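Protein sequence lines, in the order shown, are assigned to chains Z and X.
Mapping of the first sequence onto this note's numbering: position 114 corresponds to residue 114, and the numbering continues sequentially without gaps.
Mapping of the second sequence onto this note's numbering: position 102 corresponds to residue 102, and the numbering continues sequentially without gaps.
The C-beta atom is built at its ideal place from N, Cα and C for all residues, glycine as well.
These numbers were taken from a predicted model, which means no experiment stands behind them.
Before any comments, here is the structure.
Number of protein chains: 2
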Amino acid sequence: MSRDAERKAVVLLSGGLDSATVLALARRQGYACHALSLDYGQRHRAELEAARRVAQALGAVEHKVIALDLGAIGGSALTDPAIAVPEQPTRGIPPTYVPARNTVFLSLALGWAEVLGARDLFVGVNAVDYSGYPDCRPEYIAAFERLCKLATRVGVEGEDFTVHAPLIDMSKADIVRTGTGLGVDYGLTVSCYAADAQGRACGRCDACRLRARGFAEAGLPDPTHYQPDGGAGTTQQA
Amino acid sequence: MSRDAERKAVVLLSGGLDSATVLALARRQGYACHALSLDYGQRHRAELEAARRVAQALGAVEHKVIALDLGAIGGSALTDPAIAVPEQPTRGIPPTYVPARNTVFLSLALGWAEVLGARDLFVGVNAVDYSGYPDCRPEYIAAFERLCKLATRVGVEGEDFTVHAPLIDMSKADIVRTGTGLGVDYGLTVSCYAADAQGRACGRCDACRLRARGFAEAGLPDPTHYQPDGGAGTTQQA
């Protein structure tokens, strides 16, 4: 095994389409991947089960789920039942934005990386489709990467961390094509903000619309499992 | 009430001596203080009860405790029972360092601040006594403050966050003198890494030694409640 093949990475894995693609990319680059999911009180809890399936299917070394009660902070449709998940596109930063979520998640990935001796973090942020989320932009990722060096024991000792965000400039269609080429089974993933207990998608929320359009634009069959009344999504299935 | 008097701040409150002092300083500056504690699987759980008492005594608007299983990551004597808390001073970064802890905690404070409409975060990091902790240095705090602007909705909209670390250059004696002048009852606080269920201090760990020396150097009585076999600390009590 080459030295590269032994390098460890922490991969943030939500169980959605994007992070599954990132895990496949990190594996293809030869990283031993330690997948990290957060059980943060999200509405779409079927994601966590999907993350487990994806980690196994794509050959992660291990999959860790950390419990964190982000619902205590509130402020997002994803963690506060009193805030509705929009069924139509919204202007500006959408109500599904979870305040400081990526900073919290990357911080935990950083902490685990330090314990593991990993120097590489992978995250599936995307600045194209989710341009409304501030913590999905390249300048944010660059700032977090700089912070890593100052925040950690190994950073102080002179080592650098790299925060890989390989999807950041890709369209959803590009992401779907890339993952399909790497053998990702997107039928295992759950992107929907309002998935049911079986992980079936609503077909109407922002995440469902973007995902369905991605498959359509890529000219690939959409393997998403939709709820019986799955709305827009079902009509876009191949 | 003046506009300043209405400004909200999120104050990270561990229940220890430093963060109690920070809360008193933030109150003195007129902030409406929202105190945040993390239940992160720390050994010294009596801290959380101390935080509740301190928040109340110092007039915080509210006190929130967020559960986060940092023990899942391990790597620190504070969260991993297999790693001993040192009873003698150590060289370099001590085993009580929790990987990326301040980044995780500040991220959560940032998320809550965004929900509350607060633009000020207060944290009791100190670069003098804990110079072994990378995430207690001024350059780290400055980097996190820059990140806040990029990470958040309000940052994107042009507003700045300020991360206040008023203790960063103070000795423990300075901190104790400052808090005493502000009326902090340090008998309510728990700093010990190995406090018992009643919050009584071991008198031997790093935190106990630093704290006892602070009171001694400040020439102030040490109100710490020590365990019956409280070792070094008890010998330094006034």
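- When 9 Å is used as the limit between beta carbons, Arg146(X) is near these residues of chain Z: Ala143, Arg146, Leu147, in chain order.
- Taking 9 Å as the upper bound on Cβ-Cβ separation, chain X lies near residues Gly92, Ile93, Tyr97, Val98, Pro99, Ala100, Arg101, Asn102, Thr103, Val104, Phe105, Leu106, Ser107, Leu108, Ala109, Leu110, Gly111, Trp112, Ala113, Glu114, Val115, Leu116 of the stretch 91-125 of chain Z.
- The Cβ atoms of Leu68(X) and Tyr40(X) lie closer than 8 Å to each other.
- The continuous alpha helix (DSSP H) containing Ser107(Z) extends over residues 101-116.
- Cβ neighbours of His225(Z) within its own chain (closer than 8 Å, five residues either side excluded): Gly187, Gln198, Gly199, Arg200, Ala201.
- Burial is judged here by how many other beta carbons sit within 10 angstroms of a residue's own beta carbon; Glu114(X) has at least 16 and is buried.
- Taking 7 Å as the Cβ-Cβ cut-off, the stretch 155-172 of chain Z approaches chain X at Gly155, Val156, given in chain order.
- For the pair Val10(Z) and Ala100(Z), the CB atoms are not nearer than the 8 Å cut-off.
- Nearest in C-alpha terms to Val184(Z), of all of Ala32(Z), Leu58(Z), Ala35(Z), Gly16(Z), is Leu58(Z).
- Taken in chain order, the whole beta strand (DSSP E) runs of length 3 or more contained in the stretch 157-225 of chain X are 162-164.
- At a C-beta separation below 9 Å, Gly15(X) has no neighbours in chain Z, since its nearest C-beta there lies roughly 17 Å away.
- When C-beta distances to chain Z are compared with 8 Å, every residue of the stretch 190-217 of chain X stays at or above that value.
- Between Tyr226(X) and chain Z, the shortest Cβ-Cβ separation is not below 8 Å.
- Under a criterion of Cβ atoms nearer than 9 Å, no residue of chain X is adjacent to Glu62(Z); the nearest Cβ is some 11 Å distant.
- Residue state for Ile66(Z) is assigned as strand, using DSSP reduced to three classes.
- In this structure, Leu210(Z) places its C-beta atom within 8 Å of the C-beta atom of Lys172(Z).
- Taking a Cβ-Cβ threshold of 8 Å, the residues of chain X close to Pro134(Z) are Leu150, Ala151, Thr152, Arg153, Gly155, Val156, in chain order.
- Bounds of the beta strand (DSSP E) holding Cys33(Z) are 32-39.
- By the Cβ neighbour-count rule, Glu6(X) is exposed, with fewer than 16 other Cβ atoms within 10 Å of its own.
- For Leu12(Z), no chain X residue has a Cβ inside 8 Å of its Cβ, as the nearest lies near 14 Å away.
- Assignment of Val22(X) by DSSP, reduced to helix, strand and coil, places it in the helix class.
- Distance from the CA atom of Tyr193(Z) to the CA atom of Asp229(Z), rounded to whole angstroms, is 15 Å.
- In chain order, Leu12, Ala165 place their CB closer than 6 Å to the CB of Val123(Z), counting only its own chain and leaving out the 5 sequence neighbours on each side.
- Leu68(Z) has a beta carbon lying within less than 8 Å of a beta carbon in chain X.
- Around the beta-carbon of Asp169(Z), fewer than 16 other beta-carbon atoms lie within 10 Å, marking it exposed.
- Within 8 Å of the CB of Tyr186(Z), no CB atom of chain X is found; the nearest one sits about 28 Å away.
- 8 Å or more divides the Cβ of Leu121(X) from the Cβ of Leu25(X).
- In this structure, the CA atom of Arg146(X) is about 22 Å from the CA atom of Ile73(Z).
- Here the alpha carbons of Asp206(X) and Glu87(X) stand approximately 7 Å from one another.
- Counted as a single uninterrupted DSSP element, the stretch harbouring Leu13(X) is not any beta strand (DSSP E), since DSSP gives it neither H nor E.
- DSSP places Asp229(Z) in the coil class of the three-state scheme, outside both helix and strand.
- Listed along chain X, the residues sitting closer than 9 Å to Gly74(Z) by beta-carbon distance are Trp112, Val115.
- Taking 8 Å as the upper bound on Cβ-Cβ separation, chain X lies near no residue of the stretch 26-53 of chain Z.
- Thr21(Z) is not a Cβ neighbour of Thr162(Z), given a cutoff of 8 Å.
- Between the alpha carbons of Val176(X) and Ser19(X) lies a gap of roughly 11 Å.
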